[in-house]
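Some notes on the structure that comes next.
In my numbering, the protein residues as written are 123 to 712.
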């Protein structure tokens, strides 16, 4: 009865709204369109149909072997028959903005707490620097395991009713919207220290939950290289704008209401957190992802997994846990991912440390105010002008060469910031201010690139993995990346606070800091970063993924999916696959 190939058009009965229908038959009707037939669904209520077309893609039709109860809502019907228009939709600017706006939270969240929370706690909550940094670092380490759990949960969330209704990624993004407002308690002075710790843990957990699910969306929204690049570029552009606007707004508030009042910090923290809540909700509603069927969680698979789950013994549960650990560990089998995660952790961890110490560096090494530090941080908006250029260079000169440009420029910027420090009190004030602004501009442009580049690359990592495992494991890679980042950031924060305490740093000290404390701040803020970027420059020369390689991998995946024989692979494809995966071709696709 069924013909193939066909496209899908859904018909529904015109009877009363709200009552469920039973599908009793499906037929194929020819249409005038050259590339489509119509699939007509006959219902038990009425054999008179009025055809309502849905967006469609070509695909093989199969007989409906069983009746199914559905609601008459046409969107629910489209899910039932697996209409996949969104998977092939061309990404436009509106789609990219709808997706990217949420990273104002993903990028701005660490900026808000990393820049101002330690200052607020040491000035208004009675914390010393080692305690403040210890809480920040300890919370990051304690909550890092949540990234692993969210990666696993997000991957399997279609097993649950909430996932099938709201999406396995977008549900968690939407959940961040109300919960992030609870964390405003960490900006209230006078609370017990365990409360600050708990609120910061919640804040970090929400960022992890958001980041794991959010990073997996571009690979599910489109397979097109240019489309993914547009999503990532716009996302990082908006994220960068948020990291510049937050300090700009903070600078205005601190100047207007005074740095010596807790309510000044509370005001801008509240406004910014409300914005985080809004953008997370918007993005959860305008993005899309793989359907349960496309993700391998159709009705038959769902029933099989649920039945298997009910039969598991404690020993089987432990074995399942072991498989999860092996699943995450297996990501390091991919050579491209090993280089990528190393560069990512070096750069992002050091940038977090810079963010946490730069205000102290301006206060005690440059002898300027927190408002001046915020003003400099707001200059990061200039770097956003370069984001389209980074996206263009990413495609045309490749990630490897862009990494070299990034790290060399960052080292020059750090050198200029060091020179500015050594010229405090030597240059006339006007000349010194001009030098400090110019130095920070050079640094922030290449700092922005070092944060942008890993996320331009990330959507293509699952492609390289798929040629080995046959699966799209984007959330596994995202979860592991977030887990490792927060582990490294937490350890670095604790080490930073301990190191500064050892140098004699005293927060809120009216007489300034000792020479050893000033040297310690400069070494953490500038010296550690310079060493890290130099190491990253050396490692980046081993990075091999580019647009040509990704297209070859995708082409080979399509060939194998369509029944191609591994023995028929051409030598060039074999060489590219083995170079990117680090796995012999014979061990791929199995």
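Glycine residues also receive a C-beta, built at the ideal position from the N, C-alpha and C atoms.
Every value quoted in this text rests on a predicted model; they were computed, and no experiment measured them.
Suppose the cutoff is 8 Å on Cβ atoms and the five residues either side in sequence are ignored; what does the same chain contact list for residue i look like?
i           : result
residue 522 : 662, 663, 665, 666 and 668
residue 509 : 355, 358, 359, 362, 570 and 574
residue 503 : 362, 363, 366, 367 and 370
residue 215 : 352 and 356
residue 255 : 240, 478, 615, 616, 618, 619, 620 and 622
Can you name the start and end residues of the alpha helix (DSSP H) that residue i belongs to?
i           : result
residue 635 : No alpha helix (DSSP H) holds residue 635; DSSP gives it neither H nor E.
residue 345 : Residue 345 -> no alpha helix (DSSP H), and no H or E assigned at all.
residue 572 : 551-579
residue 462 : 457-486
residue 587 : 583-591
residue 315 : 315-337
residue 651 : 650-662
residue 628 : Taken as a continuous stretch (DSSP letters only), residue 628 belongs to no alpha helix (DSSP H), as it is neither H nor E.
residue 543 : 520-544
residue 454 : Segment: none, residue 454 is in no alpha helix (DSSP H) and carries neither H nor E.
residue 232 : 225-246
residue 696 : 693-703
residue 668 : Unbroken run through residue 668: none, as it is neither H nor E.
residue 72  : Past the boundaries of the shown model lies residue 72; the chain is included only from 123 to 712, so the question cannot be answered.
residue 598 : 596-624
residue 217 : 215-222
From this set, the options, which residue's C-alpha is nearest residue i's C-alpha?
i           : options               : result
residue 497 : 368, 343 and 608      : 368
residue 416 : 278, 568 and 649      : 278
residue 592 : 554, 550 and 678      : 678
residue 597 : 673, 449 and 590      : 449
residue 264 : 684, 319 and 628      : 319
residue 331 : 339, 534 and 604      : 604
residue 244 : 471, 310, 231 and 293 : 310
residue 345 : 251, 594, 613 and 487 : 594
residue 260 : 316, 578, 237 and 307 : 316
residue 312 : 342, 333 and 249      : 249
residue 63  : 294, 232, 537 and 380 : Outside the shown range of the chain (123 to 712) lies residue 63, about which nothing can therefore be said.
residue 349 : 272, 217, 283 and 230 : 217
residue 329 : 688, 421, 231 and 386 : 231
residue 246 : 283, 385, 282 and 455 : 385
residue 537 : 636, 272 and 557      : 557
Anyone know if the C-beta pair for residue i and residue j falls short of 8 Å?
i           : j           : result
residue 276 : residue 226 : no
residue 286 : residue 414 : yes
residue 228 : residue 409 : no
residue 608 : residue 583 : no
residue 561 : residue 399 : no
residue 673 : residue 711 : no
residue 224 : residue 402 : yes
residue 475 : residue 646 : yes
residue 280 : residue 292 : no
residue 492 : residue 480 : no
residue 472 : residue 576 : no
residue 657 : residue 458 : no
residue 446 : residue 274 : yes
residue 500 : residue 373 : yes
residue 236 : residue 388 : no
residue 234 : residue 394 : yes
residue 341 : residue 550 : no
residue 530 : residue 651 : no
residue 488 : residue 553 : no
residue 527 : residue 516 : no
residue 533 : residue 655 : yes
residue 456 : residue 343 : no
residue 648 : residue 671 : no
With a CB to CB cut of under 6 Å and the five nearest residues on each side skipped, what residues in its chain are close to residue i?
i           : result
residue 325 : 305
residue 270 : 601 and 605
residue 535 : 564, 565 and 568
residue 188 : Any answer about residue 188 is weak, because its pLDDT of 34 lies below 50 and its placement is not dependable; what the coordinates show is given next. Excluding positions up to five away in sequence, the list is empty.
residue 322 : 261 and 308
residue 377 : 493
residue 375 : 386, 389 and 390
Using C-beta distances below 7 Å, list every residue in its chain close to residue i, excluding the 5 sequence neighbours before and after it, in chain order.
i           : result
residue 288 : 296
residue 692 : none
residue 642 : 621, 622, 625 and 627
residue 505 : 362, 566, 567 and 570
residue 699 : 589, 675, 678, 707 and 710
residue 467 : 606, 607 and 610
residue 638 : 625 and 626
Subject >> Any alpha helix (DSSP H) of 4 or more consecutive residues that is wholly inside the segment 365-430 >> reply: Listed in chain order, the alpha helix (DSSP H) elements of length 4 or more contained wholly in the segment 365-430 are 384-408.
Original post:
Which residue spans inside the segment 261-317 form an unbroken alpha helix (DSSP H) run of at least 4?
Top reply: 283-288 and 292-304
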